[in-house]
Every structure is written in structure tokens, then in C-alpha cells.
Amino acid sequence: MEPSSAERLTAAALIAARWHSIQRRKGRVAGPYINHLLEVASLVSRATGGKDLNLVIAALLHDAIEDQGISRADIANQFGDDVASLVEEVTDDKSMPKGVRKRLQVEHAPRISRRAKILKLADKISNVTAIGEDPPPDWPMERQHEYVQWGRDVVRGLRGTSPALEAQFDCTAAEAERLYRGTACLTCREGAT
Numbered sequence: 011m012e013p014s015s016a017e018r019l020t021a022a023a024l025i026a027a028r029w030h031s032i033q034r035r036k037g038r039v040a041g042p043y044i045n046h047l048l049e050v051a052s053l054v055s056r057a058t059g060g061k062d063l064n065l066v067i068a069a070l071l072h073d074a075i076e077d078q079g080i081s082r083a084d085i086a087n088q089f090g091d092d093v094a095s096l097v098e099e100v101t102d103d104k105s106m107p108k109g110v111r112k113r114l115q116v117e118h119a120p121r122i123s124r125r126a127k128i129l130k131l132a133d134k135i136s137n138v139t140a141i142g143e144d145p146p147p148d149w150p151m152e153r154q155h156e157y158v159q160w161g162r163d164v165v166r167g168l169r170g171t172s173p174a175l176e177a178q179f180d181c182t183a184a185e186a187e188r189l190y191r192g193t194a195c196l197t198c199r200e201g202a203t
């Protein structure tokens, strides 16, 4: 008997929590990494109206290959080839230097599938939100600015995919910029309510 949607989703959340159990966010709070994965999955679910379960599962697992060395085959065996393909499509090759990986994200963004673009948009929203709200303590304002600008460069290649996520990213990037400069964006805060 095939597992239900709820069983597949909770299995993905549990395995993501296990795979990333010791990983923490880079901010001063150093929150559990699973919070990022859940946030990305929630954004993807809202953007798709909850109609693309495999994409939501891929959102939960999107950093497993890159950060935890989980193989594509392991993901495919547990969650199917579609999920594994989506995860692989948004995975950086960590054997490359960081600068090259960042440049390749910008270059590849326009060419990834529409579903992977939704996932990438959600990931960038979560990451840029973290830079604004809880940046790594050793990141000066200039590095925070560079990260937000790089996020904008990646998102430029994702445009035309999800107007709601694109607008949310724009607001998130503006808010992050205002926060690291010491002022808050009241328009973005009011629009989020």
C-alpha cells in the first residue's frame, strides 16, 4: 500500500530533522537548521497552493546533498526520482570554491525548471530574512550587503515564476537592508500582517 501524502510529508520532515540534527543556522541565535527547511517548505506550499507535494518534500530535503553528503540515490529510494531530481537541481557542488558556486547560481537560475525556481525563491527568502533578522555575528554590514545583493542577482534569473514569492523576496531584501543599516521598513512590516 502506498503511503498517504501526510505520511510522506512527515517522513520527509523527520528524516530532514535527523540528517540536519547537529547543523545550526549561522546567526547569533544559532537556531536549529530544521527551522530553515520548514520555512522553505511552508513558502513552497503556500506558493503552490499545497498542490505539489513532491516540491514541498524537496524543500524539506533541499540541502541534504549539499550540506550532509546524502546521495541523490538515497533520496530517490526514499522519496522518488522526482523529489531527488528537484533536490539535485538546486544543489551546489561543494567541491568548487565558494565564489564559483555563487557565480554559477546566478548563471544557472534562469535555466532551472519552474518548480526548482519556486524552491530556489523560497530558499532565498528564508536566507535573506535570516541575514536581516539574525546575521552571523562575524559578518560586517558590507558582507551582509553583498549577500543580499547576491540574492537579488540570483532572483533576477528566477523572475516570471511566482509573482507572490518574487514580491516577498523584494520586500525581504529591502527589510534586510534596512535592518543591517539600522532602520526598519514599515511598508514591508505592515504588508506582512
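When you line the sequence shown up against my numbering, it's residues 11 to 203, in that order. All C-beta atoms in this analysis are idealised placements derived from N, C-alpha and C, irrespective of residue type, glycine included. It should be emphasised that the depicted structure is a prediction, and the values quoted were computed from it without experimental measurement.
Identify the continuous alpha helix (DSSP H) that holds P173 and give its terminal residues. That run of the alpha helix (DSSP H) goes P173 to R191.
Grab me the residues of A202's own chain with a C-beta within less than 7 Å of its C-beta, minus the 5 sequence neighbours each way, in chain order. At A202 the pLDDT is 47, less than 50, meaning the model places this residue with poor confidence; the figure from the coordinates comes in the next sentence. Taking A202 as the centre and dropping the five residues before and after it, the same chain places no C-beta closer than 7 Å to its C-beta.
I'd like to know whether the C-beta atoms of V138 and T182 end up nearer to each other than 8 Å. In contact: V138 and T182 (Cβ atoms closer than 8 Å).
Helix, strand or coil at P42 [DSSP, three-state]: Assigned with DSSP and collapsed to three states, P42 falls in strand.
Going by CA-CA distance only, name the one from E76, P147 and D133 that's closest to K104. Its Cα nearest to that of K104, the residue E76 stands out among E76, P147 and D133.
Let me know the secondary structure DSSP gives R34 once reduced to three states. Looking at R34 - three-state DSSP - the assignment turns out to be strand.
Measuring CA to CA, which of S15, D180, G192 and S172 is closest to R56? If we check each option's Cα against that of R56, S172 comes out closest.
Helix, strand or coil: how does DSSP classify M106 here? It is coil, neither helix nor strand.
Pull up the CB-CB distance for A177 and G142, whole angstroms please, since I reckon it's below 8 Å. At roughly 16 Å, the Cβ-Cβ gap does not stay under 8 Å, so A177 and G142 are not in contact.
Euclidean distance between Cα positions of M151 and Q159: Going by the C-alpha atoms only, they are around 12 Å apart.
Within the continuous alpha helix (DSSP H) that includes S81, where are the two ends? Unbroken run through S81: none, as it is neither H nor E.
Quick test of the definition: if touching needs 3 or more C-beta pairs under 8 Å, does the segment 70–87 touch the segment 15–29? Contact holds between the segment 70–87 and the segment 15–29, because three or more Cβ pairs, one in each stretch, are under 8 Å apart.
P150: beta carbon under 7 Å from a heavy atom of the ligand ADP? Absence of the ligand ADP is noted for the structure shown, with no ligands found whatsoever.
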